[in-house]
Amino acid sequence: MRTDLVVIGAGPAGLAAALAASARGVRVALVDAASAPGGQFYRQPAAELAAARPEALHHRWRTWERLRDGLAASAVRVLTEHHVWCVERTPERFTVHSLLGPDQEEPAEVHAHAVLLATGGYEQMLPFPGWTLPGVVTAGGAQAMLKGALVVPGRRAVVAGTGPLLLPVATGLAAAGVEVAALVESAAPGRLARHAPALAAKLPEGAGHAARLLRHRVPVLTRHTVVRAHGDDRLTGVTVAALDTEGRVRPGTERHLPCDTLAAGHGMLPHTDLAQGLGCRLDGLTVAVDPEQRTDVPGVWAAGEATGIGGAALALAEGHIAGCSAAARLRGAVPGPAPAALRARTKLRRSAAALDSAYQPPAHWTEQLTDDTVICRCEEVTAGSVREALDLGAGDERTVKLLSRAGMGWCQGRMCGTAIAALAGCAPTPAKRPFARPVPLGVLARQHSQEGPS
Ligand SMILES: Cc1cc2nc3c(=O)[nH]c(=O)nc-3n(C[C@H](O)[C@H](O)[C@H](O)COP(=O)(O)OP(=O)(O)OC[C@H]3O[C@@H](n4cnc5c(N)ncnc54)[C@H](O)[C@@H]3O)c2cc1C
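If you want the working numbering, it's the position in the sequence shown, counting the first as 1, plus 11.
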């Protein structure tokens, strides 16, 4: 089947983009690694669970129904369980290379004239002593268990770190019957208040979360942090402490909270691997786009959290603008006006920037890292080994990796990159990974034999 546009990622941005382009006569394939569209925000319980009220764990369910029904009524070709590992560009077309199904061994290809990257972001969790104990999960991981599998990670949880994601995670767990012992947020409320005008668009959502926290009697500790997770073979509790205005732990404020689950998160990072593979320019850690959501590589658009962390509503607006632009440009035309989406994007980008500056990890968080704290989980490299590499002269993530193997494992530094950069005292840089996913050698060998030796 011929395809004009491949949209990679079926979260809010990809769904909005695919629907906008398809409604304008473009033949669209929508590709996602997950078993169903929805992305992180509209993650659904698995069909086998036959959830009676799937909407119970979601807000803005009507928007999801509109997207879901729109997709069913559209001509968009939905390709789920396609893990895209690379997008290849030739003068004539793009080839999207995927691995199929949960095993990710069977290759598949889709060809198109244009590509729209809506690959979202992933959670950042900064290390602290005890963070590798069973019972410590990422905040989004706890949310995904709840939304996707209808299971809770434990009976008594602490939700900790920084960022707006902690709010729905704490209220979601509490609503599902978990006793939430505390929501521990390292940011000070004053930082949010300072950005009040820019956050006006987020006020109703924030008020809703605050009301739910009150209803479930969740204690909120702001300007606090988890200094250690305790337990022998699994988590039994955490020590939390207050932070001073410099972001250092205030001695004498430590207290112990018993719990069997710690859901921790420290913000999100954009997925940029596929964009980098295509040669798209990055702006810091995000894919750079113009007002139409075009990257600087002709025929490649990007939308949603790949272009900056900003939430589902912003992803929807950007996806719509990108889909309209791709439809017009593929016809050789200029996109018509989309005033509502443009207004929403402007307002929500302002809120996203305000949230980003309000929710920053404590400035001196690396001081809590004992030498035996594991930093790179894949290669089991400790803070002590990273510090040794720094003493040997390493001054950046790459040299630390060469000297200590930190960042060399399965996740290729996605989890530990920020921590290594912080220990090295340099800004995190986007890693150059040739493939977005691990690829079996057999798949590469088969591709080479099809193409023939060069
Ligand atoms: C774990 C997690 C939990 C979250 N929970 C909440 C919440 O409870 N409340 C809230 O307000 N916000 C939440 N967020 C943030 C919210 O989900 C995002 O703001 C929103 O979903 C962004 O939309 P998007 O379309 O840009 O990306 P996403 O919704 O992340 O969609 C990206 C899609 O791209 C697919 N993808 C990525 N790479 C590939 C690849 N190589 N091959 C194939 N497919 C690929 C993914 O499978 C995914 O479906 C959460 C985010 C995360 C990461």
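The beta carbon of each residue, even a glycine, is placed where N, CA and C say it ideally should be.
Residue of the options minimising C-alpha distance to residue i
i, options, result
"A363", "E390, H375, A326 and L380", "A326"
"G22", "V39, T182 and P48", "P48"
"E391", "K412, V126, T264 and A34", "K412"
"T233", "R202, G248, D244 and T247", "R202"
"L144", "V249, P346 and A456", "V249"
"A160", "P445, G322 and A57", "A57"
"A344", "C335, D383 and T377", "C335"
"V18", "A123, L68, I386 and T384", "A123"
"H267", "R71, P175, R361 and T247", "T247"
"A168", "V231, L137 and Q115", "V231"
"L452", "A32, R38, D43 and W96", "W96"
"G141", "S415, V238, G404 and L225", "V238"
"A317", "D114, L128, E59 and E116", "L128"
"A29", "A333, A430, G131 and P372", "A333"
"V98", "V126, A253 and D114", "V126"
"D383", "G81, A34 and P138", "P138"
"T106", "P65, P118 and D114", "P118"
"Y370", "L178, V162, R457 and R448", "L178"
"V163", "G131, V180 and T173", "V180"
"A417", "P309, A218, V385 and P445", "V385"
"H277", "D15, V170 and L380", "V170"
"A34", "A338, S415, G406 and E66", "A338"
Where the alpha helix (DSSP H) containing residue i begins and where it ends
i, result
"R73", "W72 to A84"
"L194", "Segment E190 to E196 is the beta strand (DSSP E) holding L194; no alpha helix (DSSP H) there."
"H331", "A323 to L341"
"R205", "P200 to R205"
"V180", "L177 to A186"
"M156", "A150 to A160"
"L26", "P23 to A34"
"R226", "L214 to R226"
"L285", "D284 to L289"
Ligand 1 heavy atom lying under 7 angstroms from the CB of residue i
i, result
"V42", "yes"
"R448", "yes"
"Y370", "no"
"V95", "yes"
"H282", "yes"
"L30", "no"
"M279", "yes"
"P23", "yes"
"F52", "yes"
"G20", "yes"
"G322", "yes"
"E92", "no"
"G151", "yes"
"E196", "no"
"L210", "no"
"P65", "no"
"E391", "no"
"E316", "yes"
"E99", "no"
"Q10", "Absent from the model: residue 10. The displayed extent of the chain is 12 to 465, so no value can be given."
"G131", "yes"
Residue span of the beta strand (DSSP E) that contains residue i, given as start and end
i, result
"A168", "R167 to T173"
"C466", "No answer is possible for residue 466: it lies beyond the span of the chain, which begins at 12 and ends at 465."
"R88", "R88 to L90"
"L16", "L16 to I19"
"T250", "G248 to A253"
"A129", "First-last for A129: undefined, no H or E at that position."
"T440", "Note, T440: premise wrong, no beta strand (DSSP E); not H, not E."
"H279", "Here the sequence assigns Met to residue 279, which means His is not the residue at that position. That run of the beta strand (DSSP E) goes M279 to P281."
"F105", "F105 to L111"
"A119", "E117 to A123"
"T264", "First-last for T264: undefined, no H or E at that position."
"L232", "V231 to T233"
"W312", "V311 to A313"
"A513", "A question about residue 513 goes unanswered here, because the residues of the chain that appear run from 12 up to 465."
Residue-chain proximity (residue i, chain E), Cβ-Cβ < 8 angstroms
i, result
"C389", "In the structure shown, chain E does not exist; there is a single protein chain."
Subject >> Any 3 or more C-beta pairs closer than 8 angstroms across the stretch 182-193 and the stretch 289-297 >> reply: No, they do not touch.
**OP:** Taking only runs that begin and end inside the stretch 350-419, name each unbroken alpha helix (DSSP H) of 4 or more residues, in chain order.
**Re:** The alpha helix (DSSP H) runs lying completely inside the stretch 350-419 and spanning 4 residues or more are 350-369, 394-402 and 408-415, given in chain order.
Original post:
Is the stretch 272-279 touching the stretch 84-103 in the sense that three or more CB pairs, one from each, lie closer than 8 angstroms?
Top reply: With the rule of 3 Cβ pairs closer than 8 angstroms, the stretch 84-103 does not count as touching the stretch 272-279.
Subject >> Segment contact, 8 angstroms Cβ cut-off, at least three pairs: the stretch 353-362 with the stretch 50-64 >> reply: With a cut-off of 8 angstroms, the stretch 50-64 and the stretch 353-362 do not count as touching, because too few Cβ pairs lie within range.
Subject >> contact_flag[the stretch 39-54, the stretch 344-355] where n(CB pairs < 8 angstroms) is 3 or more >> reply: Output reads no: the stretch 344-355 does not touch the stretch 39-54.
Subject >> Segment contact flag, the stretch 40-47 with the stretch 146-157, C-beta cutoff 8 angstroms, min 3 pairs >> reply: Result no; under three Cβ-Cβ pairs closer than 8 angstroms.
Original post:
Touch check for the stretch 425-435 and the stretch 62-74: three-plus C-beta pairs under 8 angstroms?
Top reply: The stretch 425-435, when compared against the stretch 62-74, does not touch it at the 8 angstroms Cβ threshold.
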